[in-house]
Amino acid sequence: MGIAVGAEQNVAAEPEPEEAEEGEDEEESIVHQTASLGDVEGLKAALASGGNKDEEDSEGRTALHFACGYGEVKCAQVLVDAGANVNAVDKNKNTPLHYAAGYGRKECVSLLLENGAAVTLQNTDSKTPVDVAKLNNQLEVVKLLEKDAFL
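With the first letter of the sequence shown counted as 1, position 44 gets the number 44 in full-length UniProt numbering; the numbers rise by one all the way through.
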């Protein structure tokens, strides 16, 4: 499942089904895995034992991208509290806010905005999080983002 961000490109905030079933995907760190699954205690333990809050997978996605894409707001909060970069970009220049906006994750959108996420950053298709939310018919998220951006 991908987020429509333009005519030619999709952002996949979720791993392919076969990857999700494997559980031990080599490219996903324990920080990525726990954030994706909503395992708050596991995430805290991984960070406490030296896990990198901003480690990127092969697509340039951080654990915050995954937490926000899956709507795991408690894990997103743990990552933000640990100092994760709220404006980290993946290989397509999508931020965690692009993921949260595209999937309609209102709580994650609010959390990111409260912690300085940029509403105006554009991905490689020149789409902002507002554009991605509109493309995916996430109208409540559009309202949140436009209020923050004063559009």
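Glycine is no exception: its CB is placed at the ideal position from the N, C-alpha and C atoms.
What you are looking at is a predicted structure, and each value in this text was computed from that prediction instead of being measured.
| request: State the start and end residues of the unbroken alpha helix (DSSP H) segment that holds Ala48. | output: 40–48
| task | Identify, in the order they occur along the chain, each residue of the same chain with its Cβ nearer than 7 Å to the Cβ of Gly23, setting aside the five sequence neighbours on each side. | result | Here Gly23 scores only 42 on pLDDT, less than 50, and its place in the model is too uncertain to base an answer on.
| said: I need the straight-line Cα distance from Leu52 to Val40, nearest angstrom please. | reply: It should be pointed out that residue 52 corresponds to Asn in this sequence rather than to Leu. Approximately 15 Å, taken between the alpha carbons.
| field | Three-state secondary structure assigned by DSSP to Tyr70 | value | helix
| Who are the Cβ neighbours of Gly60 in its own chain at under 6 Å, not counting the five residues just before and after it? | Cβ neighbours of Gly60 within its own chain (closer than 6 Å, five residues either side excluded): Asp90, Lys91.
| message | Just verifying my parser: in three-state terms, what is the DSSP assignment at Asp57? | response | It is coil, neither helix nor strand.
| request: Drop a sphere of 10 angstroms on the beta-carbon of Thr120, count the other beta-carbons inside from all chains shown, and report buried for 16 or more, exposed for fewer. | output: An exposed status is given to Thr120, since fewer than 16 other beta-carbon atoms sit within 10 Å of its beta-carbon.
| said: Short of 6 Å in beta carbon distance, which residues of its chain neighbour residue 171, apart from the five on each side in sequence? Order them along the chain. | reply: The requested residue 171 does not occur in the structure, where the chain is confined to residues 1 to 151.
| query | Counting along the chain, where does the alpha helix (DSSP H) carrying Gln33 start and finish? | reply | 30–37
| query | Which residues in the same chain have their Cβ closer than 7 Å to the Cβ of Gln77, if we skip the five residues on either side of it in sequence? | reply | Leu111
| task | Taking only the alpha-carbon atoms, compute the straight-line gap between Arg105 and Cys75 and give it to the nearest angstrom. | result | 13 Å
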